[in-house]
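Take a look at the structure below.
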Amino acid sequence: MEGFVVSARKYRPDTFDSVVGQTHVTNTLKNAIVANQLAHAFLFSGPRGVGKTTCARILAKAINCTNLGEDGEPCNNCDSCHSFNQGRSLNIHELDAASNNSVEDIRKIIEQVRYVPTSGKKSVFIIDEVHMLSSAAFNAFLKTLEEPPPHAIFILATTEKHKILPTILSRVQKFDFRRIKVNDVADHLQRICEKEGIEFEYEALQLIGLKADGALRDGLSIFDQIVSYSNKHITYDVVLENLQVLDYDYFFRTVDLMLAHDHEGLLLLLHEVVERGFEAKSFLMGLTEHFRNLLVARTPKTIGLLETSNNVKQRYLEQVKAITPTLLLNSFNLASQAEQGMRSVANPRLHIELALVKLAHLGSAIALAGTEKKKVAETQNEKLEGKPSVTAAVPKAASAEPKKATDPPKKKSKLRRSKSMKGSFRIPKSLDDVDLSKVGGGADEEDKEELIAFDENFQIDPEVFAMAFADLQGMLESRKNYMILSLLRKDAYQVKGNRWTQTVPNFVAKKQLFEEKSVLEFMRFQLKVPHLMLDIEVEEMAPETGSDRPLTEEAKLKLMLEKNPDLKELMQKFDTMMKY
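According to our numbering, the sequence shown holds residues 114 to 693 in order.
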């Protein structure tokens, strides 16, 4: 027991090549060492447990190594490397800013920077958790960090880069460390198992990597725990039992029950999960991630994003074939919304049970919605294709004089509409139901000629126009276009021949109505009169104002005084009282 060392310390990398999952950083540092192009200050930032401090120590050791390899790796055999590995190097100084964050602590470092190292090439200062320094300490550190002596190099490490002052960030060379992938953690644990003689299942190591959440140090701590629990025999079931992790098999069963529309089975499955000691919220979060994995597994391009074993990938590929994209997207959305709603509910389990019941019947709801949509589309197509031909009445000429035989016979117009046909006159409720490209004509060229050729005595039926006008107002109200709706008053329009005259209160309103082209097009379609013209007139102003512009305060007062002569005397008396 006395000689036991945790895996995170025992297997801590001592060369750049042994660092897990950070090749973009280690390769850059090795090349800089070989080319002798090292910066005077570095900043290593990233999540916890990904190798920031480890890389800082390896870099410090490599800088002072007297037998450096051609690839920039420290030899671990020279006196400098031995002294560093044994923790007695005088050239490498470490400071934990979490507990030493005052100005005095920084001043001690500034004093040490002045002394040239007695042995080795450089004095390396590693400041861990540098974001914990106070603002005063940062300011005291600025000048030294910007222009250190040639023999000094600073390496700063932090998990919260955004808390560091911009003046510090501008003086350092920045390296962002990544989260460790699940398979990288599993591969590292596999190498340790082989060295320690531990029996393992690779799938169990992947589960440890998944639980580590991108931090290799956390993964090594979990690994030590599992080794002690399993007596050096790591299996998938042992890891599930020890870490209280929900098996992915539960989620595959959930989707199978959903596809079978078995809400009773889903409720029983949730009960089984809760009985095993898991929180209902964890089950819902895992189910949401399962739907995400199914989406990822739909195409070969994205299947690589699944960080799991090949056996589990194959199960995803098989299950995704049985679920339609529409159902999958709606299920993902429903589970995500249920997860968000968990924050504000008093009974989480009831909330999740309701979500599971919805999932069970989601497929039927989507199918029913698709059937109804198809029926509506077919009905609309039938109405558009089977509309009766509507004609408009053409009154006889006012003159009773018979026509001359030499006059060419006039062609009958399809714009004729009789009052007896008003019952069969169908008016769409909005322009969304109208194909404006076919307004007034249609595809038939002969019909189009007849629509254009109408006689000079053509007159729109006032009652038919009133019906169309009412539907125009209804359409504007449904679209919430209240501005134009307020301008179209029933008592402010006239119809004569094929001209519709609308009166508005001012020139601003005239411009607004003129720019609303859909109003005229809608009425043309309703009346089947492509030659309908709209004239917009402005109401005549009262003689007292003489202008359509708004009255100024002086003009209003002048009008009031003209209409009420006694008002002037009252104002004079009030002005006299105010003086006293």
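Don't be surprised by glycine CBs; every beta carbon is placed ideally from N, CA and C.
Quiz item: Which stretch, first to last residue, makes up the beta strand (DSSP E) that contains D209?
Solution: Taking the first residue of the sequence shown as 1, we reach residue 209 at position 96. Run containing D209: I205 to D209, per the beta strand (DSSP E) assignment.
Quiz prompt | Closest Cα partner of L255 within the set V285, K276, A373 and D375 | solution = Here the question's residue 255 lines up with position 142 in the sequence shown. Considering only alpha carbons, the answer is V285.
Quiz prompt | D289 (DSSP reduced to helix, strand or coil) | solution = Taking the sequence shown and counting its residues from 1, one reaches residue 289 at position 176. Residue state, collapsed to three classes: strand.
Exercise. Give the straight-line distance between the Cα atoms of K324 and N355, rounded to the nearest whole angstrom.
Key: Here residue 324 refers to the residue found at position 211 when the sequence shown is read from its first residue. Here residue 355 refers to the residue found at position 242 when the sequence shown is read from its first residue. Taking the straight line joining both Cα atoms gives about 12 Å.
Exercise. Can you tell me which of the three DSSP states R405 falls into?
Key: For the purposes of this step, residue 405 is taken as the residue at position 292 of the sequence shown. R405 falls in the helix class under three-state DSSP.
Practice problem: Can you tell me which of the three DSSP states L156 falls into? | Solution: By 1-based counting over the sequence shown, the position of residue 156 is 43. In this structure, L156 counts as strand in the three-state DSSP scheme.
Quiz item: Looking only at DSSP bridge pairs, what is V237 linked to?
Solution: Your numbering for residue 237 matches position 124 in the sequence shown. V237 is bridged to I205 and I266.
Quiz item: Leaving out the 5 sequence neighbours to the left and right, which residues in its chain are closer than 7 Å to E452 when beta-carbon positions are compared?
Solution: Against the sequence shown, residue 452 aligns to sequence position 339. L397, M398 and T401, listed in sequence order.
Quiz prompt | Close beta carbons around C178, own chain, < 8 Å, minus the five adjacent residues each side | solution = Translated into the one-based positions of the sequence shown, residue 178 becomes position 65. Closer than 8 Å at the Cβ level, and outside the excluded window around C178, lie P187, C188, C191, S193 and C194.
Quiz item: Can you name the start and end residues of the alpha helix (DSSP H) that M455 belongs to?
Solution: Here residue 455 is taken as the residue at index 342 of the sequence shown, counted from 1. Counting along the chain, M455 falls outside any alpha helix (DSSP H), and DSSP gives it neither H nor E.
Quiz prompt | Inter-stretch contact at 8 Å, needing at least 3 Cβ pairs: the region 267-281 / the region 296-309 | solution = no
Self-check item: Candidates A473, T141, E628 and F238: closest to D648 by CA position
Solution: Here residue 648 refers to the residue found at position 535 of the sequence shown. Considering only alpha carbons, the answer is E628.
Quiz item: Of all the alpha helix (DSSP H) runs that stay within the bounds of the region 602-662, which reach a length of 4 or more residues?
Solution: 620-628 and 630-640
Self-check item: C-alpha gap between S236 and F155, whole angstroms
Solution: The count along the sequence shown starts at 1 and reaches residue 236 at position 123. The count along the sequence shown starts at 1 and reaches residue 155 at position 42. Roughly 14 Å between the two C-alpha positions.
Quiz item: Can you tell me the Cα-Cα spacing of K394 and A473, whole angstroms?
Solution: On the sequence shown, position 281 is the one that residue 394 refers to. On the sequence shown, position 360 is the one that residue 473 refers to. Going from the Cα of K394 to the Cα of A473 covers about 19 Å.
Quiz item: Is F117 helix, strand or coil by DSSP?
Solution: Taking the sequence shown and counting its residues from 1, the one referred to as residue 117 is at position 4. Looking at F117 - three-state DSSP - the assignment turns out to be coil, as it is neither helix nor strand.
Quiz item: First and last residue of the alpha helix (DSSP H) that includes V132?
Solution: Residue numbering aside, residue 132 sits at position 19 when the sequence shown is read from its first letter. That residue, V132, is in no alpha helix (DSSP H); it is neither H nor E in DSSP.
Exercise. Take A299 as the anchor and find which of L282, P643, A317 and K287 has the nearest alpha-carbon.
Key: For this step, residue 299 is matched to residue 186 along the sequence shown. Checked all of L282, P643, A317 and K287; the closest Cα to A299 is A317.
Self-check item: Neighbourhood of T166 by C-beta, 6 Å cutoff - its chain only, sequence neighbours within 5 removed
Solution: Walking along the sequence shown from the start, residue 166 turns up at place 53. Counting only Cβ-Cβ distances below 6 Å, and skipping sequence neighbours, we find D241 and A270.
Practice problem: Determine the DSSP secondary structure at F313, reduced to helix, strand or coil. | Solution: Numbered from 1 along the sequence shown, position 200 holds the residue referred to as residue 313. F313 falls in the strand class under three-state DSSP.
Quiz item: By how many angstroms is the C-alpha of L379 removed from the C-alpha of N460?
Solution: Position 347 of the sequence shown, counting from 1, holds the residue named residue 460. Position 266 of the sequence shown, counting from 1, holds the residue named residue 379. Going from the Cα of N460 to the Cα of L379 covers about 18 Å.
Quiz item: Name the DSSP beta bridge partners of I347, please?
Solution: The count along the sequence shown starts at 1 and reaches residue 347 at position 234. For I347, which the question treats as bridged, DSSP gives the partners F313.
Quiz item: Exposed or buried, M673, counting other C-beta atoms within 10 Å across all chains shown (16 or more means buried)?
Solution: The count along the sequence shown starts at 1 and reaches residue 673 at position 560. The residue is exposed, with fewer than 16 neighbouring Cβ atoms inside 10 Å.
Quiz item: Hey, out of A581, K623 and N198, whose CA is closest to K603's CA?
Solution: For the purposes of this step, residue 603 is taken as residue 490 along the sequence shown, with counting starting at 1. The shortest Cα separation from K603 among A581, K623 and N198 belongs to A581.
Practice problem: Select from F117, I223 and I176 the residue whose C-alpha is nearest the C-alpha of T128. | Solution: Here residue 128 refers to the residue found at position 15 of the sequence shown. For the residues F117, I223 and I176, the minimum Cα distance to T128 belongs to I176.
Quiz prompt | Close beta carbons around S196, own chain, < 7 Å, minus the five adjacent residues each side | solution = Here the question's residue 196 lines up with position 83 in the sequence shown. Counting only Cβ-Cβ distances below 7 Å, and skipping sequence neighbours, we find S202.
Practice problem: Note down the Cα distance separating G417 from Q427, rounded to an integer number of angstroms. | Solution: On the sequence shown, residue 417 is found 304 positions in, with the first residue counted as 1. On the sequence shown, residue 427 is found 314 positions in, with the first residue counted as 1. Straight-line Cα distance between these residues: approximately 12 Å.
Self-check item: Per DSSP, cross-strand counterpart(s) of T271
Solution: Numbered from its first residue, the sequence shown carries residue 271 at position 158. T271 is bridged to S158.
Quiz item: Near L320, which residues of its chain fall below 8 Å by C-beta distance, leaving aside the five closest residues on each side in sequence?
Solution: As a first step, residue 320 must be located in the sequence shown, where it is residue number 207. Excluding residues within five positions, the ones whose Cβ falls inside 8 Å are Y349, V352, L353, L356 and V358.
Exercise. Could you tell me the distance, in whole angstroms, from the CA atom of A745 to the CA atom of A211?
Key: Residue 745 lies beyond the residue range present for the chain, which begins at 114 and ends at 693; the question has no answer from this structure.
Self-check item: Run of the alpha helix (DSSP H) containing T774, from where it starts to where it stops
Solution: Residue numbering for the chain in the displayed model covers 114 to 693; residue 774 lies beyond these limits and cannot be assessed.
Quiz item: Tell me which same chain residues have a C-beta within less than 7 Å of the C-beta of P678, skipping the five on either side of it?
Solution: Translated into positions along the sequence shown, residue 678 becomes position 565. Closer than 7 Å at Cβ, skipping near neighbours: no residue.
Quiz item: In three-state DSSP terms, what is L323?
Solution: On the sequence shown, residue 323 is found 210 positions in, with the first residue counted as 1. Note: L323 maps to helix in three-state DSSP.
Exercise. Can you have a look at V621 and say buried or exposed, based on whether 16 or more other CB atoms are within 10 angstroms of its CB?
Key: For the purposes of this step, residue 621 is taken as the residue at position 508 of the sequence shown. That one is exposed.
Quiz item: Does the beta carbon of D331 sit closer than 8 Å to a beta carbon anywhere in chain B?
Solution: The chain inventory of the structure shown lacks chain B, comprising one protein chain alone.
Quiz item: Roughly how many angstroms separate the alpha carbons of K287 and V132, rounded to a whole number?
Solution: As a working note, residue 287 is residue 174 in the sequence shown. As a working note, residue 132 is residue 19 in the sequence shown. Each residue's Cα considered, the two are about 18 Å apart.
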